[in-house]
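Mapping the sequence shown onto numbering that gives the first Met the number 0, position 185 (from 1) lands on 184, and the numbers just tick up by one. What follows is a set of notes on a single structure, which appears directly below.
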Amino acid sequence: MENTDKAVDYVIYLDSFALSLKVEGLRPHTISCYVRDARRLGELTGWVTPSKLTSGHVRSYIDWLSERVAPPTVTSAQLGLRRFFRFLVDEQDIASDPSAKIKLVRFRVAPQPTYSPSEISQLLASCDQSTANGVRDRAIVTVLFDTGVRVGELVSMALPDRINRTVTVEGKTGIRIVPLGDTSLVEIQRYQRRWRLASGPLWRGKKGILNESGVFQMIRRLSGRAAVEFKGVHAFRRAAAAQMKRLGMNDSDILEVMGWKDVTMLRRYTAAVASELAQSAHTKFSPGDSL
C-alpha cells in the first residue's frame, strides 16, 4: 500500500513534467521518451520521492539500463533525466540535480548513410521536368538538400517568404524559421506555377496534401530511376550538414539552420565524411605548407 501511494505521488511529478514539455513545444514522441526514462527511474528505486533521489540512485539506474540497451540509448536516457531534474529544480521541488555530476556514457558514433553531392545531382537529373510530378519532385529534393529539414518539417511547409528568403516549418523541435537559397526559391516558384498554388500547404500530391509517406515513396522511386542507393529521406539531412561543413560554414550557423542546440548531432551526422572533411581542412591549413 505504501509503495502504491509513493507511485501515485511520483506520477504527479511526471504529469507536471510532461505538461511543461508540451508547453515548451516539444513533440509528443520526445515527451514520451523523456517521461518514460523518468518513470523507469521511479520504478527501479521503489518510487523514492524526487527530493530523496541521490546520484547513487541515478548511477544504479544507468548501470541497469547499460546491461539492456545500446550506449546511445543510455546517453539519451541520461539526457532525459537531466531534463526531468532541471524541471524539478526550477519548480523548487528539489534543491539540486543528482545527475549533474554524472558523465554521459561515451560511445563511438557509427557513420549513418548519407547522399553524396554527385548522388544528389543524379536524383535531380532523374526528375522529369515535362510532368507536374517531376517539377514537384525536383523542388522537394532541392529543398531537402538545401535546408536539411526533417521530413515532418518538409510536409508542414506553407508558401515561403520570398522577401526574407525563409520558410516556416513545424516539427520535432516545434516551430522554427528556415533559410532558403536562391536555387530552392527558383524551384519552388516553378513548382507553384506548374501546380497553380497561391496559398495553403506547399507540397501537394494527386490526392491532396503530401504526407511523410508520400515523400518517402517519391524518394524511393527517384532513387530507383536514378540508379542511386535508397538511403531514406533523413539521409538528405545528413547530406546537408556534411555539405555545409564542406563549404566552410561555421558550426554555430549550421546548428541554427538545422535546429540543433549543440554539436552532438552535427558530429553524428558528419561522421560518415569525417575523414574527407579532415583531409580537406588539412589541405587548406597544412602546417608544412605554411613554411
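Beta carbons: idealized from backbone N, C-alpha and C, even for Gly. Quick caveat: nothing in here was measured; it's all calculated off a predicted structure.
So, using beta-carbon positions, are residue i and residue j closer together than 8 Å?
i	j	result
TRP46	TYR9	yes
ARG58	ILE101	yes
ASP89	TYR12	no
ARG175	VAL168	yes
SER98	LEU80	yes
ASP136	MET217	yes
ARG26	LYS260	no
PHE229	ARG219	yes
ASP252	LEU265	no
SER125	LEU158	no
ALA225	THR113	no
THR48	LYS21	no
ARG82	ASP96	no
ASP127	ALA76	no
Assuming residue i and residue j form a contact by the criterion Cβ under 8 Å, report the distance between their Cβ atoms to the nearest whole angstrom.
i	j	result
THR74	VAL104	5 Å
LEU276	ARG245	7 Å
GLY147	MET257	5 Å
LEU323	LEU221	The chain is shown from 0 up to 290; residue 323 falls before or after that span and cannot be answered.
Is residue i helix, strand or coil by DSSP?
i	result
THR146	helix
ASP89	helix
GLY24	coil
ALA69	coil
ALA157	strand
SER141	Going by the sequence as given, residue 141 is Thr instead of Ser. The answer is helix: DSSP assigns THR141 an H, G or I state.
HIS281	helix
ASN249	coil
PHE106	coil
CYS32	helix
MET0	Low confidence applies here, because MET0 scores a pLDDT of 44, under 50, leaving its location unreliable; read the following figure in that light. Here MET0 sits in coil by DSSP.
VAL272	helix
ASP261	coil
PHE84	helix
LEU78	helix
ALA17	helix
LYS230	coil
GLY223	helix
VAL134	helix
VAL214	helix
ALA94	coil
ASP8	helix
GLY41	helix
Enumerate in chain order the residues of its own chain whose CB-to-CB distance from residue i is below 6 Å, with the five nearest sequence positions on each side excluded.
i	result
ASP145	GLY180 and SER183
GLU152	VAL168 and GLY170
ARG193	ALA131 and VAL134
THR44	HIS56
TYR190	VAL134, ARG135 and ALA138
SER15	none
SER50	ILE93
ALA17	ILE30 and VAL34
VAL142	SER183
GLU118	VAL227
Return the chain-ordered list of same chain residues with a C-beta closer than 8 Å to the C-beta of residue i, the five sequence neighbours on each side being excluded.
i	result
PHE324	In the structure as shown, the chain begins at 0 and stops at 290. Residue 324 is therefore absent and cannot be evaluated.
MET0	Residue confidence for MET0 is low, a pLDDT of 44 falling below 50, so the modelled location carries little weight; the figure read from the coordinates is stated next. Closer than 8 Å at Cβ, skipping near neighbours: no residue.
PHE284	none
SER115	ALA238
Grab me the residues of residue i's own chain with a C-beta within less than 7 Å of its C-beta, minus the 5 sequence neighbours each way, in chain order.
i	result
VAL154	TRP202, LEU209, ASN210, GLU211 and VAL214
PRO70	VAL104 and PHE106
ARG164	PRO178, LEU179 and LEU184
Every unbroken beta strand (DSSP E) within the region 159-211, with a cutoff of 3 residues, ordered by chain: 165-170 and 173-178
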